[in-house]
Structures are given as C-alpha cells and as structure tokens.
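If you count the sequence shown from 1, position 60 lands on 60 in my numbering, and the numbers rise without skipping.
Ideal Cβ positions, reconstructed from N, Cα and C, are used throughout, including at glycine.
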Amino acid sequence: MTNLISNGVKRKIKNEISWKNYLIKAEQFFETAQEAYNGENWNAVSLNAVHSAISANDAITVYFKRIRSASEKHSDAVDLLLNVFPNNKEAREFSSHLLWLLNRKNIVEYEARLFYKKEAEDSIKHAERFLRWAKNHLPK
Numbered sequence: 001m002t003n004l005i006s007n008g009v010k011r012k013i014k015n016e017i018s019w020k021n022y023l024i025k026a027e028q029f030f031e032t033a034q035e036a037y038n039g040e041n042w043n044a045v046s047l048n049a050v051h052s053a054i055s056a057n058d059a060i061t062v063y064f065k066r067i068r069s070a071s072e073k074h075s076d077a078v079d080l081l082l083n084v085f086p087n088n089k090e091a092r093e094f095s096s097h098l099l100w101l102l103n104r105k106n107i108v109e110y111e112a113r114l115f116y117k118k119e120a121e122d123s124i125k126h127a128e129r130f131l132r133w134a135k136n137h138l139p140k
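Structure representation (structure tokens):
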C-alpha cells in the first residue's frame, strides 16, 4: 500500500515484522559486496554496497515508523531517516554515509562508466559504517 504524505513524497506502509527482512537483505547485499571485492568486481561491490545501505535504511524506518521511502528522489530516504531521529547529531553523521552511497547509485547502475578499486573501497567502507550503525539501533 502506498500513501502520499502531505508533502507529496511517496512512502509505503509496512507491517511491524518486515524490518527484519530488510535487515537480512542489507546483510546479504553487504556480504555479496565483500565477495565481489575479493573477486575484484568493482561495479558489483559498489552496487551491492548501495543496496545494503538502502535496505538498512528501510529496516530502521520500518522498525521505528512502519514506513519506508518509495520516492524516486534518493534524498527523501535520507529525510525519512532523519525524521526518525530528529535533532540527532549521530543520525545526521551516519546519514551522510547513506547519502554518499545514494549519490552514486545512478552512476554505478545506469551510466556506461565503470567503477574502479578506490570507488569500490569507498563504497564498501560507507556501507559497512551505515549498516553497523543501523544494526546498533535495532533489536538483536
């Protein structure tokens, strides 16, 4: 079910248990990014790092608000996260990892140019930090 919030941003309402599935996906995408790194598949590293962070963000927002962003505008996902933790310096700091990855999503997924080792290393670093932070805010 998709709801349009008053500011026109699409969000999907989720049940209280689905956050666990988003966390499982986040962990699997991150694991796949690590495997791709070992195989020197830099584009796969970066794209899986992006998807890991997106799923981790969905886990957080679904757990706390029972909604996730369905907007095509990537910054809306970050705004939703910051809505979960308003005026929280730590959340703002860690949301920068998510935003960094989201800003590279279209490049790695749709553009012709390739990602290289340095970008892959940066991607996995940002994904790891964001995933760790998200897991620290969710039940074990």
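As assigned by DSSP and simplified to three states, the class of residue i
i: residue 113; result: coil
i: residue 126; result: helix
i: residue 51; result: helix
i: residue 159; result: Outside the shown range of the chain (1 to 140) lies residue 159, about which nothing can therefore be said.
Euclidean distance between Cα positions of residue i and residue j
i: residue 128; j: residue 22; result: 15 angstroms
i: residue 55; j: residue 38; result: 22 angstroms
i: residue 93; j: residue 118; result: 22 angstroms
i: residue 82; j: residue 48; result: 23 angstroms
Residues bridged to residue i [DSSP beta-bridge criterion]
i: residue 13; result: 67
Selected residue, minimal CA-CA separation from residue i, among the options
i: residue 30; options: 136, 126, 138, 140; result: 126
i: residue 137; options: 110, 88, 34; result: 88
i: residue 20; options: 101, 61, 96; result: 61
i: residue 11; options: 75, 25, 99, 104; result: 75
i: residue 131; options: 96, 15, 73; result: 96
Any C-beta of chain D under 8 angstroms from that of residue i
i: residue 24; result: Absent here is chain D; the protein component of the structure consists of one chain.
4 or more residues per run - each alpha helix (DSSP H) lying fully within the region 60 to 110 = 74 to 84, 89 to 110
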